[in-house]
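Visitor: Residue numbers for the sequence shown follow this note's numbering, beginning at 197 and rising by one. Dumping the structure here so I can ask a few things about it.
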Amino acid sequence: MKTIKKIALVALGASLLSTSLLSAKDSKMSNLVSIEFGAKAGFDLRRDFSPNTFFISPNVKPVDANFNDYSTRFTTGLYVRPWIGTIVRFAPFISFDYSFGLINYQQRDSVVQARTSSVGSTTTTTITEQRVNNNVRYDPRSSSYVPTNKGVLAGTADYPNIMSGALLGFQIPAINATLFAGASYSVFFNTNVSNTWAINYGFKINVDYGYNSKDEKRDRYGLRRSPIVGIEGSYQQPYVASVGTKVPLNRIQLILGMEY
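Here it is, written out as structure tokens:
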């Protein structure tokens, strides 16, 4: 935590320094603080997260389990982040996302690699079994029924997720774009998924090209305003209790917002 605090202080100092240097040349660049907020939507590309995941046999424990097929889930949410600085920018942020399945039967066949132990030795088994949507009630007499002691049942458990952290950004004035990257603490409201740290990254464009210039638009209160469009992503590896291991989770989203 001490290292993170030091990095945050250095980033904030760089932001303030860049602003003070630029303000001497251009009074419009002395806008030190702005706030951005908006909505976002995209996809989670994840390994199986289901609390209804079963392995081939009770004797096959999910140690070093590897699900080779990703499942894709729709995710939407809201975010807010105040920016400090002009060319070099620093922003604490908080975002809320809700991930859910859009399409039944979106799961594909899965290749599961699990390490099993026997007397005096360790073996690795590779098994291919059908994955099904656990939200559908399957009739045991149906040909599509997969019993829970055979194969992998891939569920579609929904999960809310809150991230709070900080970003370091670099503005490109020629195109009014900001590239940014940072880190956050990720909280899952799902007892099967543990909280973890995440890497955040992306870019945004102020589509009002008068932003930070003499022609910039301001509202009746004198505040500058600019629509925002961009792409952001995150990567994290939360521990999933039902799988017994950390599971990769990639998120990519389109962001639409306003900056004041």
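All residues carry an ideal CB built from backbone N, CA and C; glycine is no exception. Small disclaimer: the values here were computed from a predicted structure and weren't measured.
1) Look up residue 288 in the DSSP assignment and say whether it is helix, strand or coil.
2) Reducing DSSP to helix, strand and coil, say where residue 437 ends up.
3) Considering only the beta carbon of each residue, do residue 268 and residue 236 sit closer than 8 angstroms?
4) Would you tell me roughly how many angstroms separate the C-alpha atoms of residue 354 and residue 296, rounded to the nearest one?
5) Identify which residue in 450, 356 and 283 has its Cα closest to the Cα of residue 387.
6) Contact defined as beta carbons within less than 8 angstroms: I believe residue 449 pairs with residue 392. What is the distance between those atoms, to the nearest angstrom?
7) Could you give the uninterrupted runs of the beta strand (DSSP E) lying entirely in the segment 350 to 401, keeping only those of 3 residues or more?
8) Taking its Cβ as the centre, do 16 or more other Cβ atoms sit within 10 Å of residue 422, making it buried, or is it exposed?
9) Given a cut-off of 8 angstroms, decide if residue 390 and residue 435 are closer than it, judged by their beta-carbon atoms.
10) So, helix, strand or coil for residue 293, using DSSP?
11) Reducing DSSP to helix, strand and coil, say where residue 448 ends up.
12) Which residue from 238, 241, 283 and 230 puts its Cα closest to that of residue 371?
13) Go ahead and pull the three-state DSSP assignment for residue 236.
14) For residue 234 versus residue 275, is the C-beta spacing smaller than 8 angstroms?
15) Between residue 426 and residue 398, how many whole angstroms is the CB-CB distance? I'm expecting something under 8 angstroms.
16) Quick one: is residue 421 near chain D, going by C-beta distance under 8 angstroms?
17) Can you grab the Cα-Cα spacing for the pair residue 456 / residue 424, in whole Å?
Guide: If we stick to the structure as given:
1) Per DSSP, reduced to three states, the secondary structure at residue 288 is strand.
2) The answer is coil: DSSP assigns residue 437 none of H, G, I, E or B.
3) At least 8 angstroms separates the beta-carbon of residue 268 from that of residue 236.
4) Straight-line Cα distance between these residues: approximately 5 angstroms.
5) Checking every option, the nearest Cα to that of residue 387 belongs to 356.
6) Contact between residue 449 and residue 392 fails: their C-beta atoms lie close to 19 angstroms from each other, not under 8 angstroms.
7) Counting only runs of 3 or more, we get 355 to 368 and 373 to 384.
8) Answer is buried; the Cβ neighbour count reaches 16.
9) Residue 390 sits close to residue 435, with the two beta carbons spaced by under 8 angstroms.
10) Per DSSP, reduced to three states, the secondary structure at residue 293 is strand.
11) Residue state, collapsed to three classes: strand.
12) Measuring from the Cα of residue 371, the nearest candidate turns out to be 283.
13) Strand, per DSSP.
14) It is a contact, given that the beta carbons lie within the stated cut-off.
15) That pair is a contact at about 6 angstroms.
16) Absent from the structure: chain D. Only one protein chain is present.
17) Taking the straight line from one Cα to the other gives about 10 angstroms.
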